């Protein structure tokens, strides 16, 4: 069955960077895009962007441009999210979500368990 | 960008009763070339990631109980739980994917 397993919780100081991993299994990794969605404590869901797992091309949501980097390691069926210049308001649970299509339909069929990133001095 | 709104914010329903959640988009999410509404519903239980329940406004995902149904078109949509069960306690989100994905703010369903 499709499974997305994310790396563990992270604590960072303001201004630092963090890199989160999302390992996929149960399907052909390059057949579906991976999206990233975040959820601040007690808040709703915010789409951050997606990566084409076939060629590694990313697309970032407008509010995050310049601070996000999506990357891949196809040999490990793993996608990474790196966020730089962290601020307190980046404190959230970050989810990876498998898309329904290779070129990102924006329909999130399977989700990772989430990674809590806490930004605090 | 398309803005999604939901009503109510919170809903208390007795077990076995009907729950109805409304979702509105600031622009139509209907794509005439394939006659589809690009609207999904997700369920998020406490401490869990969201789970896709319904896509294309009314198509239930495999394994989703048939007490969940979606309806609507264009800019106005509804998620109905026909007979609320205890395990349906959750926050429900609508999401459009006709353009850059965006979610509604969520509706919390709890037991009366």
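Protein chains in written order, with my numbering: chain U, 1 to 121; chain G, 1001 to 1112. Beta carbons are placed, not taken as given, at the ideal position from N, Cα and C, and that holds for glycine. In this text, all values refer to a predicted model and were calculated from it rather than measured experimentally.
Within the region 100-116 of chain U, the residues whose Cβ lies closer than 7 angstroms to some Cβ of chain G are 105, 106, 107, 108, 109, 111, 112, 113 and 114, listed in chain order. Here the region 74-82 of chain U makes no contact with the region 1014-1032 of chain G; the two share fewer than three CB pairs at distances below 8 angstroms.
Burial state of residue 1101/G is buried, judged by a 10 Å Cβ sphere holding 16 or more other Cβ atoms. Only those residues of the region 6-40 of chain U whose C-beta falls short of 7 angstroms from the nearest C-beta of chain G would be listed, and there are none. Pairing residue 100/U with residue 113/U gives a Cβ-Cβ distance that is not under 8 angstroms. In the three-state reduction of the DSSP assignment, residue 75/U falls in the helix class, which pools H, G and I. By the neighbour-count definition (other C-beta atoms within 10 Å, threshold 16), residue 1050/G is a buried residue. The three-state reading of DSSP puts residue 1020/G in strand, counting E and B together. Taking a C-beta distance under 8 angstroms as the contact criterion, residue 1055/G and residue 1040/G qualify as a contact pair. Pairwise C-beta distances place the region 34-44 of chain U in contact with the region 86-98 of chain U, as three or more of them are shorter than 8 angstroms. Contact between residue 49/U and residue 72/U fails: their C-beta atoms lie close to 13 angstroms from each other, not under 8 angstroms. Taking C-beta atoms under 8 angstroms as the contact rule, residue 1006/G and residue 1107/G qualify, at a distance of about 5 angstroms. For residue 1064/G, no beta strand (DSSP E) run applies, since DSSP gives it neither H nor E. Residue environment analysis places residue 1093/G among the buried positions, since at least 16 neighbouring C-beta atoms fall within 10 angstroms of its C-beta. Contact annotation: the region 9-17 of chain U does not touch the region 49-65 of chain U, with fewer than three C-beta pairs closer than 8 angstroms. Residue 1009/G carries a coil assignment under DSSP once its states are collapsed to helix, strand and coil. Residue 1032/G is not a Cβ neighbour of residue 1075/G, given a cutoff of 8 angstroms. Listed along chain U are 47 and 106, each with a C-beta nearer than 7 angstroms to that of residue 1101/G.
Under DSSP, residue 47/U shares a beta bridge with 37/U.
For residue 1055/G, the neighbours in chain U by C-beta distance under 7 angstroms run, in chain order, 107. The beta carbon of residue 1090/G sits closer than 7 angstroms to those of 1043, 1044, 1045 and 1109, all from its chain and outside the five residues before and after it, given in chain order.
Judged by DSSP in its simplified three-state form, residue 1096/G adopts strand.
The Cβ atoms of residue 57/U and residue 29/U do not sit closer than 8 angstroms to each other. Bridge partners of residue 110/U according to DSSP: 98/U.
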